[in-house]
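S.K.:
Residue numbers (the working numbering): 47 to 460.
(1) Where residue 282 and residue 392 are concerned, what is the direct C-alpha to C-alpha distance, given to the nearest angstrom?
(2) Could you round the C-beta distance between residue 172 and residue 109 to whole angstroms and report it? I think they count as a contact, below 8 Å.
(3) How many Å lie between residue 94 and residue 285 at the Cα?
(4) Could you compute how far the alpha carbon of residue 70 sits from the alpha carbon of residue 305?
(5) Could I get the ranges of all uninterrupted beta strand (DSSP E) runs contained in the segment 210 to 269, with 3 residues as the minimum, in chain order?
(6) Assign residue 127 to buried or exposed, taking buried as 16 or more other Cβ atoms, counted over all protein chains shown, within 10 Å of its Cβ.
(7) Could you tell me whether the segment 417 to 434 touches the segment 299 to 316, using the rule of 3 or more Cβ pairs below 8 Å?
(8) Once DSSP output is grouped into helix, strand and coil, what is the label at residue 307?
(9) Pairs of beta-carbons, one from the segment 132 to 139 and one from the segment 98 to 112, closer than 8 Å: are there three or more?
(10) Roughly how many angstroms separate the alpha carbons of residue 446 and residue 99, rounded to a whole number?
(11) Could you round the C-beta distance between residue 377 and residue 439 to whole angstroms and report it? I think they count as a contact, below 8 Å.
(12) Hey, out of 404, 415 and 430, whose CA is closest to residue 114's CA?
(13) Starting from residue 165, trace the alpha helix (DSSP H) in both directions and tell me its first and last residue.
(14) Does the segment 194 to 209 come close enough to the segment 325 to 337 to have 3 or more Cβ pairs within less than 8 Å?
(15) From this set, 163, 455 and 144, which residue's C-alpha is nearest residue 396's C-alpha?
(16) For residue 414, which three-state DSSP category applies?
(17) Please list, in chain order, all residues of the same chain as residue 399 whose beta carbon is under 8 Å from its beta carbon, the five residues on each side excluded.
(18) Please state whether the Cβ-Cβ distance between residue 353 and residue 382 is less than 8 Å.
(19) Using 8 Å as the Cβ pair cut-off and three pairs as the minimum, do the segment 222 to 232 and the segment 333 to 351 touch?
(20) What residue from 65, 76 and 62 has the CA that sits closest to residue 247's CA?
(21) For residue 141, which residues in the same chain have their Cβ closer than 7 Å to its Cβ, ignoring the five residues on either side in sequence?
(22) Following the continuous alpha helix (DSSP H) through residue 315, name the residue where it begins and the one where it ends.
(23) Is it the case that the Cβ atoms of residue 165 and residue 319 are separated by a distance below 8 Å?
(24) Flag this pair as touching only if the segment 230 to 241 and the segment 140 to 158 have three or more C-beta atom pairs under 8 Å; answer yes or no.
(25) Just to confirm, are residue 294 and residue 349 a CB contact at a threshold of 8 Å?
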């Protein structure tokens, strides 16, 4: 069976710059839509306003994680020639899911219908957003040189989170009755109204990627069965899979941290939803710089360790620190969220070059496997109180940290 390849020398300097900026602009729009794209805080606050229990309010985040299985399936079914089309379609579908929730908020539907729409958005957006994430990196890889790609990533993840801060503060202003004429549920509707066209614009921009023409070169295809077998035979990759699973379990505390505002601050979680997002992404921007410095000096393993420590510290901080200072837990969680960058990259460092992409796809199975975690946080809170849920988040992070600590990079040829 033949596999499509391309020659990196086909990437012209103009193409290099163009595709790098398309990547940056698409991600800026994604970050601007962060209050609805990052399924957790706003969705939990909306479910709370709809009268849901803590368990149900965490379900959108659980459904989002379940949807993360999509890239593994799509990568087996879609030809590399359709990568740009997959990105465009995924962004467009994300816009559609957001629009559906928007309609339920604008039309006087019962609370049960609105709850169903929010939870459904979590699942469907998990499918489309995770697929877009994988294939947009493929487009960047094909359409830029190594230097151009490095510049695009640096620019995107330095300034991109600032757009998320702007979007989050805007959401905070709206939800705190900054516009007097906007009452619930129209305040939430405005937030979704920003997200829907932003993602539609991202879909349009993604269609502008200029990718080199593919050629065909013979090569041996690797079956999914063999891919699983090779992965299972690697102790370092298995340990990293466990670490990624428990990192996601610890990260899933975000929705529950949102609901904790009622107990910690004595006010409705929606009153702080935008501020929580702003703190989260502001610290994510700072964390991106610091974790990059750690990776340069001590390697990817050290950065992966640190992201697990940060998400664990977020639960511990919320547990121990009272009042408004508890909101810094969202900053710790935002910086720790970059485990989604450093743990997969550490997996690539542990993998032979010819199996890196396959191993990365298998690593992502930890995401849907962790989908039980948000519901566990909600269940523990409903039955035993918030401290029990914070303990769960801390323990999950410690287990992941211990798993990374036990990893030893295999010697070449082993």
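Ideal placement from N, C-alpha and C gives every residue a C-beta, glycine not left out. Predicted, not measured: the structure shown is a model, and the values here were computed from it.
M.R.: Put simply:
(1) 10 Å
(2) 6 Å
(3) 37 Å
(4) Looking at the two C-alpha atoms, the distance is approximately 33 Å.
(5) Qualifying beta strand (DSSP E) stretches, in chain order: 261 to 264.
(6) exposed
(7) yes
(8) helix
(9) Between the segment 132 to 139 and the segment 98 to 112 there are fewer than three C-beta pairs closer than 8 Å, too few to call the two in contact.
(10) 29 Å
(11) Wrong, their Cβ atoms sit about 15 Å apart, outside the cutoff.
(12) Among 404, 415 and 430, the Cα nearest to that of residue 114 is on 415.
(13) Counting along the chain, the unbroken alpha helix (DSSP H) around residue 165 starts and ends at 157 to 189.
(14) Three or more Cβ pairs closer than 8 Å define a contact, and the segment 194 to 209 meets that threshold against the segment 325 to 337.
(15) 455
(16) helix
(17) For residue 399, the pLDDT reaches just 47, beneath the cut-off of 50, and the residue's location in the model is therefore unreliable, leaving the point undetermined.
(18) Cβ atoms of residue 353 and residue 382: closer than 8 Å.
(19) Contact fails: fewer than three Cβ-Cβ distances are below 8 Å.
(20) If we check each option's Cα against that of residue 247, 76 comes out closest.
(21) 242, 245, 246 and 249
(22) Per DSSP, residue 315 is not a residue of any alpha helix (DSSP H), being assigned neither H nor E.
(23) no
(24) Between the segment 230 to 241 and the segment 140 to 158 there are three or more inter-stretch CB-CB distances shorter than 8 Å, so the stretches are counted as touching.
(25) Here residue 294 is not near residue 349, since their CB atoms are 8 Å or more apart.
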